[in-house]
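Visitor:
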Amino acid sequence: MPPVENKPTCPEIFRAFFRIGVTSFGGGLVAYLRDEIVTKKAWMTPDDFLAALEIGQTLPGLNSVNVAIIAGRRLAGARGAIAAATGLVIPGAVILVILGLLYVRFRNNRDVAAALAGIAAAAVGLLLQVTLKIGAKQFLNPLDLFFVLLTFVLVGLFHVSLPVALFLIAPFAIILRRPRKEAAK
Amino acid sequence: MRELVSLLNVFCLLSLLAVGGGSAVLPQMEHETVTVHQWVSADDFATIYSLGQMAPGPNMTMVGLIGFKAANHAGMSDAWAFAAMLVVLFAFYLPSSFLTYAASHIWDSFKENPWRDSIQKGMAPITIGLMLAGVYAVGKTASFNPEHSFHFNTLTVSIGLAVTAWLFLNRINPALLILLGGVVGWFFLRGI
Numbered sequence: 046m047p048p049v050e051n052k053p054t055c056p057e058i059f060r061a062f063f064r065i066g067v068t069s070f071g072g073g074l075v076a077y078l079r080d081e082i083v084t085k086k087a088w089m090t091p092d093d094f095l096a097a098l099e100i101g102q103t104l105p106g107l108n109s110v111n112v113a114i115i116a117g118r119r120l121a122g123a124r125g126a127i128a129a130a131t132g133l134v135i136p137g138a139v140i141l142v143i144l145g146l147l148y149v150r151f152r153n154n155r156d157v158a159a160a161l162a163g164i165a166a167a168a169v170g171l172l173l174q175v176t177l178k179i180g181a182k183q184f185l186n187p188l189d190l191f192f193v194l195l196t197f198v199l200v201g202l203f204h205v206s207l208p209v210a211l212f213l214i215a216p217f218a219i220i221l222r223r224p225r226k227e228a229a230k
Numbered sequence: 018m019r020e021l022v023s024l025l026n027v028f029c030l031l032s033l034l035a036v037g038g039g040s041a042v043l044p045q046m047e048h049e050t051v052t053v054h055q056w057v058s059a060d061d062f063a064t065i066y067s068l069g070q071m072a073p074g075p076n077m078t079m080v081g082l083i084g085f086k087a088a089n090h091a092g093m094s095d096a097w098a099f100a101a102m103l104v105v106l107f108a109f110y111l112p113s114s115f116l117t118y119a120a121s122h123i124w125d126s127f128k129e130n131p132w133r134d135s136i137q138k139g140m141a142p143i144t145i146g147l148m149l150a151g152v153y154a155v156g157k158t159a160s161f162n163p164e165h166s167f168h169f170n171t172l173t174v175s176i177g178l179a180v181t182a183w184l185f186l187n188r189i190n191p192a193l194l195i196l197l198g199g200v201v202g203w204f205f206l207r208g209i
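For the record, the sequence lines run as chains A and B. Under our numbering, the letters of the first sequence match residues 46 to 230, in that order. Under our numbering, the letters of the second sequence match residues 18 to 209, in that order.
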């Protein structure tokens with residue numbers, strides 16, 4: 046393990062991630078994580094953080110939770126990973142329980158139902174924006190766009206099971222992007 | 018009890034299939050929980066998803082609420098519903114976390130492998146296609162719902178597109194925009 050400037054204890058790790066878990070309204074968690082771990086606490090170098098993010102993005106699971114697991118492990122082993130991930134998830138889970146109970150209680154209220162319909166409509170807009178923003182490069186590349194649309198049609202419209210779709214599409218998508226000698230130049 | 022095991026099965030699998038982030042499994046999650054197992058209605062799913070966007074922390078923590086509603090639906094007591102919520106949260110976060118934990122041990126030897134880049138580049142459009150399918154899965158209930166009037170759908174689609182456009186034009190906290198969507202919905206959608 047490369048040396049880190051500060052070696053925090055598990056409670057310190059938990060507190061730091063808990064703070065992110067409480068304050069990170071509106072998504073963009075990776076930016077919050079970077080700000081806390083790299084900028085404020087100097088627990089990781091920017092390069093280390095980037096490497097952690099690369100793993101987190103390549104592997105399945107939420108990028109933010111994966112980064113928390115990797116950062117926690119580097120700082121304090123398995124306990125650190127648990128402290129980081131639970132700290133990140135627990136506050137939102139508690140708030141969602143409260144929102145969920147309120148929803149179950151008031152869902153038939155006309156005002157609440159109308160507000161929830163507006164909230165859901167806005168959430169679709171947010172997801173669309175995130176998709177378009179992250180996928181800008183893919184939408185403009187004909188080969189990538191083909192895979193975007195193929196995946197959308199199979200999974201979204203025809204409900205092909207996700208594991209089936211992944212095993213059908215991913216090998217082709219990856220082979221077509223296989224490492225090439227000239228790319229190394 | 019059988020319901021808890023089904024929840025465990027479904028969400029563990031979703032955890033391992035969440036390539037490129039949680040939004041990628043939204044279409045499959047919607048299909049499994051609404052159509053296949055009927056744990057939640059399509060309306061519930063859209064609402065729970067949007068509540069998840071308002072709460073802080075990872076946006077997919079909302080899966081816990083699906084577990085909660087599934088237990089409610091199966092006629093379990095509230096205590097069991099909380100248990101179901103924990104089961105789903107663990108099922109959804111643990112498998113991918115274990116994988117990441119194990120992989121981060123061996124990552125250094127894999128980092129220089131040129132195939133890593135190929136995998137990331139090859140999977141990127143699939144992730145985007147899945148996210149687009151997620152927009153459709155939630156949108157067919159929340160934005161362009163055939164059960165709602167044309168007027169209602171025009172408004173919900175407009176709210177969504179306004180949010181999309183606003184976020185491209187200005188850096189603003191999306192949670193505020195979603196709350197604003199709630200206010201607009203309360204004001205305009207009440208009567209229809």
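Virtual Cβ for every residue (Gly too), placed ideally from N, Cα, C.
(1) Can you confirm whether A:Pro224, when its beta carbon is compared against all beta carbons of chain B, has any partner nearer than 7 angstroms?
(2) Between which two residues does the alpha helix (DSSP H) containing B:His168 stretch?
(3) Helix, strand or coil, according to DSSP, for B:Ile189 in the structure here?
(4) Is the Cβ of A:Thr176 closer than 7 angstroms to any Cβ of chain B?
(5) Contact check, B:Arg133 vs A:Thr54 under 8 angstroms by CB: the rounded distance?
(6) Hey, A:Val67 and B:Pro131: beta-carbon distance below 7 angstroms or not?
(7) For chain A, find out if any of its Cβ atoms is closer than 7 angstroms to the Cβ of B:Met18; answer yes or no.
(8) If the cut is a Cβ gap below 8 angstroms, which residues of chain A does B:Ser40 touch?
(9) Helix, strand or coil: which one does DSSP assign to B:Gly198?
(10) Report the rounded CA-to-CA distance for B:Leu24 versus A:Thr176, giving the unit in angstroms.
(11) Does the Cβ of B:Val22 have 16 or more other Cβ atoms within 10 Å, making it buried, or fewer, making it exposed?
(12) At 7 angstroms on the CB atoms, spell out the chain B contacts of A:Pro91, in chain order.
(13) What would DSSP say about A:Lys230, mapped onto helix, strand or coil?
(14) Of all the residues that make up the region 194–207 of chain A, which are near chain B by a beta-carbon distance shorter than 9 angstroms?
(15) For the region 56–71 of chain B, enumerate the residues whose C-beta is nearer than 8 angstroms to any C-beta of chain A, in chain order.
(16) Using the beta-carbon of each residue, which ones in chain A are nearer than 8 angstroms to B:Ser23?
(17) Is the beta carbon of A:Ile114 closer than 7 angstroms to that of A:Ala126?
(18) Scan the region 62–80 of chain A for residues whose Cβ lies nearer than 7 angstroms to a Cβ of chain B and list them as they occur along the chain.
(19) Given a cut-off of 7 angstroms on the beta-carbon distance, is the pair B:Met46 and B:Leu31 in contact?
(20) Rounding to the nearest angstrom, what Cα-Cα distance links B:Ala41 and B:Thr144 in this structure?
(21) Alpha carbon to alpha carbon, how far is A:Val112 from B:Ser58?
(22) Count the other CB atoms within 10 Å of the CB of A:Phe217; is the residue buried (16 or more) or exposed (fewer)?
(23) Excluding sequence positions up to five away, which residues of its chain have a Cβ less than 7 angstroms from the Cβ of A:Leu221?
(24) Among A:Leu211, A:Gly101, A:Gly163 and A:Phe70, which residue has its Cα nearest to the Cα of B:Thr171?
(25) Short check: CB of B:Val51 to CB of B:Phe62, under 7 angstroms?
(26) Distance cutoff 7 angstroms, beta carbons only. Does A:Gly106 sit that close to anything in chain B?
Guide: On the basis of the coordinates in this document:
(1) yes
(2) Phe167 to Leu186
(3) coil
(4) yes
(5) Not a contact, Cβ separation roughly 33 angstroms.
(6) no
(7) no
(8) Leu172, Val175 and Thr176
(9) helix
(10) 28 angstroms
(11) exposed
(12) The premise fails here: A:Pro91 is roughly 16 angstroms from chain B at the closest Cβ pair, so nothing lies under 7 angstroms.
(13) Note on A:Lys230: pLDDT 39, under 50, position unreliable in the model; the coordinate value appears next. A:Lys230 falls in the coil class under three-state DSSP.
(14) Leu194, Leu195, Thr196, Phe197, Val198, Leu199, Val200, Gly201, Leu202, His204, Ser206 and Leu207
(15) Ala63, Thr64, Ile65, Tyr66, Ser67, Leu68, Gly69, Gln70 and Met71
(16) By Cβ distance, chain A contributes nothing, its closest Cβ being about 16 angstroms from B:Ser23, past 8 angstroms.
(17) yes
(18) Gly66, Val67, Thr68, Ser69, Phe70, Gly71, Gly72 and Leu74
(19) yes
(20) 6 angstroms
(21) 33 angstroms
(22) exposed
(23) Leu188
(24) A:Gly163
(25) yes
(26) yes
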